[in-house]
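Peer 1: What follows is a structure written as structure tokens; I'll ask about it next.
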Amino acid sequence: MDINQRMNELIEKINLYNEAYYQQNESIISDQAFDLLLAELIKLEQENPLFARSDSPTQKVGGTITKEFKSVTHQFPMLSLGNTYNETDLRDFDERVKKGLEGEDFEYVCELKFDGVALSFWYTNGVLQKGVTRGDGTRGDDITANVKTIKSLPIRVSSTILPSTYEIRGEGYMPITSFDRINAEKIAKGDQPLANPRNAASGTFKMQDSAEVARREMECFIYSYLGNENPFNSHSEALEHLKSVGFSISPTYRVCASIDEVLTYIEDWTEKRNDLPLNTDGIVIKVNDFGQQERLGFTAKSPRWAIAFKYPSEIAQTRINSVSYQVGRTGNVTPVANLEPVYLAGTVIKRASIHNANEMERLDLREGDTVFIEKGGEIIPKITGVDTSARKEGNAFVFPHACPSCSTELVRLEGEANHYCPNDTGCPPQIKGKIEHFIARKALNIENLGTETVDLLFEKGIVQNVADLYDLNADKFIGLEGFQSKSIQNILSSIEKSKQIPFRQVLFGLGIRHVGATIAEKLVLHFHSLENLMQASLEDLIAVPEIGDRIALSVLEYFAASENKDIIERLKRAGVQFSEEISEIVLETTALDGKTFVISGVFSHFDRDGLKAKIIANGGKVVSSISAKLDYLVAGENMGPAKLEKANSLSIPIISEDEFIALLS
Ligand code: IVH
Numbered sequence: 001m002d003i004n005q006r007m008n009e010l011i012e013k014i015n016l017y018n019e020a021y022y023q024q025n026e027s028i029i030s031d032q033a034f035d036l037l038l039a040e041l042i043k044l045e046q047e048n049p050l051f052a053r054s055d056s057p058t059q060k061v062g063g064t065i066t067k068e069f070k071s072v073t074h075q076f077p078m079l080s081l082g083n084t085y086n087e088t089d090l091r092d093f094d095e096r097v098k099k100g101l102e103g104e105d106f107e108y109v110c111e112l113k114f115d116g117v118a119l120s121f122w123y124t125n126g127v128l129q130k131g132v133t134r135g136d137g138t139r140g141d142d143i144t145a146n147v148k149t150i151k152s153l154p155i156r157v158s159s160t161i162l163p164s165t166y167e168i169r170g171e172g173y174m175p176i177t178s179f180d181r182i183n184a185e186k187i188a189k190g191d192q193p194l195a196n197p198r199n200a201a202s203g204t205f206k207m208q209d210s211a212e213v214a215r216r217e218m219e220c221f222i223y224s225y226l227g228n229e230n231p232f233n234s235h236s237e238a239l240e241h242l243k244s245v246g247f248s249i250s251p252t253y254r255v256c257a258s259i260d261e262v263l264t265y266i267e268d269w270t271e272k273r274n275d276l277p278l279n280t281d282g283i284v285i286k287v288n289d290f291g292q293q294e295r296l297g298f299t300a301k302s303p304r305w306a307i308a309f310k311y312p313s314e315i316a317q318t319r320i321n322s323v324s325y326q327v328g329r330t331g332n333v334t335p336v337a338n339l340e341p342v343y344l345a346g347t348v349i350k351r352a353s354i355h356n357a358n359e360m361e362r363l364d365l366r367e368g369d370t371v372f373i374e375k376g377g378e379i380i381p382k383i384t385g386v387d388t389s390a391r392k393e394g395n396a397f398v399f400p401h402a403c404p405s406c407s408t409e410l411v412r413l414e415g416e417a418n419h420y421c422p423n424d425t426g427c428p429p430q431i432k433g434k435i436e437h438f439i440a441r442k443a444l445n446i447e448n449l450g451t452e453t454v455d456l457l458f459e460k461g462i463v464q465n466v467a468d469l470y471d472l473n474a475d476k477f478i479g480l481e482g483f484q485s486k487s488i489q490n491i492l493s494s495i496e497k498s499k500q501i502p503f504r505q506v507l508f509g510l511g512i513r514h515v516g517a518t519i520a521e522k523l524v525l526h527f528h529s530l531e532n533l534m535q536a537s538l539e540d541l542i543a544v545p546e547i548g549d550r551i552a553l554s555v556l557e558y559f560a561a562s563e564n565k566d567i568i569e570r571l572k573r574a575g576v577q578f579s580e581e582i583s584e585i586v587l588e589t590t591a592l593d594g595k596t597f598v599i600s601g602v603f604s605h606f607d608r609d610g611l612k613a614k615i616i617a618n619g620g621k622v623v624s625s626i627s628a629k630l631d632y633l634v635a636g637e638n639m640g641p642a643k644l645e646k647a648n649s650l651s652i653p654i655i656s657e658d659e660f661i662a663l664l665s
């Protein structure tokens, strides 16, 4: 038998044993014999790389160190789900679905809401091409090498009905058994244990070493099929087919004929979900029929045909020992409670945020108090109350007057809940926080520089502000432990790359208080360059839509400080972008001046973007929701019935495409 034939034979055998093991839960070969076959295949592939197949089972067990993750654009955006917390909200959702489907019969599919990370898998001609994280919903990280370590994820799929390209989505997770095993190992070594299985999953899928990912035995439950071609009529049909061709579908899903059956499902799983191999934080309810899903459509953020129901969060009681005060990058001081460690919903809690001085006052916390803590959706738990009946003598906590880090007198702006340390250029946590913000992905995206390196460079006095980053060179790393010339080169080249980042991201990166990514974009679209922005008066600033006094004053204050001006001057000299070419809209007419439009449905002369552009080019504005102030609803074919009804109830003029064209003349 020739080598190629032997390799193919090995692949077939290993795939068969894997399938028996992972799909049918049957071990038809001893572990030792299996390992021997796998080792033979690995060796043959190493010796004969020309014959090595990309769908080989050896590709599943991790291996080489990958450098950095490539960012890729999702073929279909990865949206999130609306949340409900009680029966009334669920019944409201059911009513909305009924209305959207105009009384037609329909079914739901209920699934558990798995608590891991959303992953997307791209297949072409039955072969897994890419595994991608959710990222910001539009772009995610290509983590193909890591998803290939998921043993239950088929690398090759053989199906007569799946089209040539499609996407499968699911929740990647760390099984509780892996979580416990890894933490036991970490504790034995004296390392910090992983916080909880969800964080552990997201951290693990972003690891550079896929061999370590493989060791962590990650898993994934599949919950969606997506594709330009859809061979299925319903979600449950898709799940069953995907299961039959080797995908891991949780057997816990159920088709329900009514919202009452959905409520029974919720009830059935309230307790039982604690016995599963992974954490779940609720259930997901989806309209089953794909045609009906399409008719219900999406809002900007989530589908109208699905919703999540969150189980009430668990509450724990513990003792509050002390309060620490943390200083953030903009100088805001947050009180954090140090608690007697307590177990809550899968993790041991030692600290909880108290948010601000008002909240501290409201809770009237005293040393040694017994407090109730709750985990909402967020990772940091909250103190929700105090058991005053259990109160013994204890001093009340008093919010400090001075910064706990640099001792500067704190200030509290009129009408604001937070206290700030005004020493923004001399207070260490603020300086470090500002540098970390500047290098973040949405800002200057300096990829190879992490928090720990920033801390080290700051502590050593090498980087004291963001402009110092651009003075870094290899010599400045001499004598610092843990930096190889390759990693230094990576840091320097990502700093160099940041000089191409557009001005709107740079402006966001400067970390001006109240100037988030959206406000930065609005300012850049209006002023185009830093020069113009720095010359703007209070009146000029508040003339920009959505910029109020609070933001305007903060911008003025930032540019008035000479330290900030110096930093900007140095960044400019380094070549960082401080202006952006904005293509001006050339008005065709002013026929629609000041008029607002909602567009809905499909049009024959324009696509939706074309119609929007036409409205803007003629002086009008396009908004997304119908209110009493709206001037026109432009109705195309198949427009949403809900929009039609709302427009009618508010007596908004509903015009056709032709009537719209007539308005232009
Ligand atoms: S369906 C449009 N089904 O929940 C989103 N999501 O906010 C469709 N999740 O990040 C998602 N279990 O990763 C769906 N059975 C399930 C799920 C599930 C967990 C996660 C998902 C997403 C979040 C939705």
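For the sequence shown, full-length UniProt numbering puts the final residue at 665, and the numbers step up evenly by one. Think of the CB as a built atom: it goes at the ideal place given N, C-alpha and C, for glycine as much as any other residue. Remember, it's a predicted structure, so these values are computed and weren't measured experimentally.
1) Once DSSP output is grouped into helix, strand and coil, what is the label at R96?
2) So, at 8 angstroms on beta carbons, what are the nonlocal neighbours of I354 in its own chain, with the 5 sequence-adjacent residues on each side left out?
3) Using 8 angstroms as the cut-off, classify the Cβ of R570 as near or not near the heavy atoms of ligand 1, replying yes or no.
4) How would you call L480, buried or exposed, if buried means at least 16 neighbouring beta carbons within 10 angstroms?
5) DSSP three-state call for K497: helix, strand or coil?
6) Would L226 and Y166 be called neighbours here (beta carbons separated by less than 9 angstroms)?
7) Going by beta carbon distance, what residues of the same chain come within less than 7 angstroms of T73, once the five residues before and after it are set aside?
8) What's the gap between the Cα of K522 and the Cα of L507?
9) Rounded to whole angstroms, what's the CA-CA distance from E580 to P545? Just pull it up for me.
10) On the CB-based measure, 16 or more other CB atoms within 10 Å of its CB, does G62 come out buried or exposed?
11) Quick check on K442: does DSSP put it in helix, strand or coil?
12) Using a 10 Å radius around the Cβ and a threshold of 16 neighbouring Cβ atoms, would you call A188 buried or exposed?
13) Nearest to L41 by alpha carbon, out of I29, F69, E12?
14) Going by beta carbon distance, what residues of the same chain come within less than 6 angstroms of S236, once the five residues before and after it are set aside?
15) Please classify A536: does DSSP put it in a helix, a strand, or coil?
16) How many whole angstroms separate the CB atoms of A200 and M174, which I take to be in contact at a CB cut-off of 8 angstroms?
17) At a cut-off of 8 angstroms, would you count V132 as near ligand 1, judging by its Cβ distance to the nearest heavy atom?
18) Grouping DSSP H, G and I as helix and E and B as strand, with all else coil, what is E447?
19) Can the beta-carbon of L469 be found closer than 9 angstroms to that of L449?
20) Assign I187 to one of three DSSP states: helix, strand, or coil.
21) Let me check understanding here. Comparing Cα to Cα, which of S152, E45, V132, N490 lies closest to Q5?
22) Taking A474 as the reference, which of A467, I495, V634 has the closest Cα?
23) Let me know the alpha helix (DSSP H) ranges lying completely inside the UniProt domain "BRCT" (587-665), each 4 residues or longer, listed in chain order.
24) Hey, would you say the C-beta of E111 is under 8 angstroms away from at least one heavy atom of ligand 1?
25) Within 10 angstroms of its Cβ, does I65 collect 16 or more other Cβ (buried), or is it exposed?
26) Could you give the first and the last residue of the continuous beta strand (DSSP E) run that contains Q326?
27) Using alpha carbons as the reference points, say which of A536, G594, I176 lies closest to L276.
28) When you compare the CB positions of D281 and D115, do they come within less than 9 angstroms of one another, or not?
29) How many Å lie between K629 and L119 at the Cα?
30) Is E219 helix, strand or coil when you go by DSSP?
31) Whether or not the region 391-407 and the region 310-327 are in contact is what I'm after, with contact meaning three or more pairs of Cβ atoms, one per stretch, closer than 8 angstroms; do they touch?
32) Could you tell me which uninterrupted beta strand (DSSP E) segments, each at least 3 residues in length, are contained entirely in the region 352-383, listed from first to last along the chain?
33) Can the beta-carbon of residue 669 be found less than 9 angstroms from the beta-carbon of K432?
34) Classify N25 as helix, strand or coil using the three-state DSSP reduction.
35) If I measure Cβ to Cβ from S614 and keep anything under 7 angstroms in the same chain, skipping five residues before and after, which residues do I get?
36) Cutting at 6 angstroms between CB atoms, please list the residues of its own chain near A390, excluding the five before and the five after it.
Peer 2: Reading from the atomic positions:
1) Secondary structure at R96: helix, using DSSP grouped into helix, strand and coil.
2) Spatial neighbours of I354 in its own chain (CB-CB distance under 8 angstroms, excluding positions within 5 residues in sequence) are listed in chain order as V323, T334, P335, V336, A337, M360, L363, L365, I383.
3) R570 Cβ: outside cutoff for every heavy atom of ligand 1.
4) By the beta-carbon neighbour count (other beta carbons within 10 angstroms, threshold 16), L480 is exposed.
5) For K497, the three-state secondary structure derived from DSSP is helix.
6) Taking 9 angstroms as the cut-off, the Cβ atoms of L226 and Y166 count as close.
7) Spatial neighbours of T73 in its own chain (CB-CB distance under 7 angstroms, excluding positions within 5 residues in sequence) are listed in chain order as T138, R139.
8) Counting only the Cα atoms, L507 lies some 11 angstroms from K522.
9) Each residue's Cα considered, the two are about 19 angstroms apart.
10) With a pLDDT of 33 at G62, under the threshold of 50, the modelled position of that residue is not reliable, and no figure is offered here.
11) In this structure, DSSP gives K442 a state outside helix and strand, which the three-state scheme calls coil.
12) The residue in question, A188, is exposed, as its Cβ has fewer than 16 Cβ neighbours within 10 Å.
13) Here the closest residue by C-alpha is E12.
14) These residues qualify, in order along the chain: V109, V255, N288.
15) In the structure shown, A536 falls within a coil segment according to DSSP collapsed to helix, strand and coil.
16) 5 angstroms between Cβ atoms; contact.
17) No - ligand 1 has no heavy atom lying nearer than 8 angstroms to the Cβ of V132.
18) Correct three-state label for E447: coil.
19) Yes.
20) Secondary structure of I187 (DSSP, three-state): helix.
21) The residue with the shortest Cα to Cα distance from Q5 is E45.
22) With respect to the C-alpha of A474, the residue from A467, I495, V634 having the closest C-alpha is I495.
23) You should have 608-617, 641-649, 657-664.
24) Distances from the CB of E111 to the heavy atoms of ligand 1 include at least one below 8 angstroms.
25) Residue placement at I65 is flagged as unreliable, the pLDDT there being 30, under the threshold of 50; the coordinate-derived value follows with that caveat. Flag for I65 reads exposed.
26) From DSSP, the beta strand (DSSP E) with Q326 extends over 315-327.
27) Proximity to L276 across A536, G594, I176 peaks at I176, based on C-alpha coordinates.
28) Yes, Cβ-Cβ distance for D281 and D115 is below 9 angstroms.
29) Approximately 41 angstroms, taken between the alpha carbons.
30) Correct three-state label for E219: strand.
31) Touching, yes.
32) If we require 3 residues or more, the beta strand (DSSP E) runs fully inside the region 352-383 come out as 370-374.
33) As displayed, the chain neither begins before 1 nor continues past 665, which places residue 669 out of reach and without an answer.
34) Bear in mind that a pLDDT of 44 at N25, under 50, signals an unreliable position, so the number given afterwards is only what the model happens to contain. Residue state, collapsed to three classes: coil.
35) In the sequence as displayed, the identity of residue 614 is Lys instead of Ser. If the five residues before and after K614 are omitted, its C-beta is found closer than 7 angstroms to the C-beta atoms of F606, all from its own chain and listed in chain order.
36) Excluding positions up to five away in sequence, the list reads T370.
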